[in-house]
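Trainee:
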Amino acid sequence: MNEIMTSAPAQVIISIVPIVGITFGAVIVFFYLLWRHHEIKLQIKTGTFVPKSFNFAAFSLLTGLLLTGVGIILTLVFAIIDRFSYSILGGLIPTVIGICLLIFYKIYPDFHRNDK
801 MNEIMTSAPA QVIISIVPIV GITFGAVIVF FYLLWRHHEI KLQIKTGTFV
851 PKSFNFAAFS LLTGLLLTGV GIILTLVFAI IDRFSYSILG GLIPTVIGIC
901 LLIFYKIYPD FHRNDK
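In terms of this note's numbering, the sequence shown is residues 801 to 916.
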């Protein structure tokens, strides 16, 4: 076994990089949410706030299609690489979630009643 050992300072830097990235991401998300909160408060005070509606039907359809597609590809790749082992669950789980979202989109009556 030919193992390459990295130096101690390199190992410290390699372990700090993800921590710094996650910290910066959390700070950015926090300040975005804080800014958005203040923006909405000022819009309510001035009377210009218009609540945004969220299209659950489109979200359910898009998420279902994306998860089903990604899950099928992952299932095929894992089946080819490892044959049928526990790693295939990495593809089957998103596939099943995507199919369930597509079924939910199809059978939920309020989606189609509101579209017309």
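Don't be surprised by glycine CBs; every beta carbon is placed ideally from N, CA and C.
Assuming TYR905 contacts LEU861 (C-beta within less than 8 Å), just tell me the rounded distance between them.
Mentor: What you label residue 905 is simply residue 105 of the sequence shown in a count that begins at 1. What you label residue 861 is simply residue 61 of the sequence shown in a count that begins at 1. With a Cβ gap of about 5 Å, TYR905 and LEU861 count as contacting.
Trainee: Could you tell me whether the Cβ atoms of THR868 and LEU892 are closer together than 8 Å?
Mentor: If you number the sequence shown from 1, residue 868 lands on position 68. If you number the sequence shown from 1, residue 892 lands on position 92. Not in contact: THR868 and LEU892 (Cβ atoms no closer than 8 Å).
Trainee: Pick helix, strand or coil for PHE859, following the three-state DSSP scheme.
Mentor: Translated into positions along the sequence shown, residue 859 becomes position 59. PHE859: helix per DSSP, three-state reduction.
Trainee: First and last residue of the alpha helix (DSSP H) that includes SER807?
Mentor: Counting from 1 along the sequence shown, the entry for residue 807 is found at position 7. First-last for SER807: undefined, no H or E at that position.
Trainee: What's the gap between the Cα of LEU833 and the Cα of GLY825?
Mentor: Along the sequence shown, read from residue 1 onward, the residue named residue 833 stands at position 33. Along the sequence shown, read from residue 1 onward, the residue named residue 825 stands at position 25. Taking the straight line from one Cα to the other gives about 12 Å.
Trainee: Based on Cα-Cα distance, which residue from VAL817, ASP910, LEU866 lies nearest to CYS900?
Mentor: Residue numbering aside, residue 900 sits at position 100 when the sequence shown is read from its first letter. Ranking the options by Cα distance to CYS900, first place goes to LEU866.
Trainee: By the DSSP assignment, the alpha helix (DSSP H) with THR895 in it spans what residues?
Mentor: Locating residue 895 in the sequence shown gives position 95, counting from the first residue. Unbroken alpha helix (DSSP H) run through THR895: 889–907.
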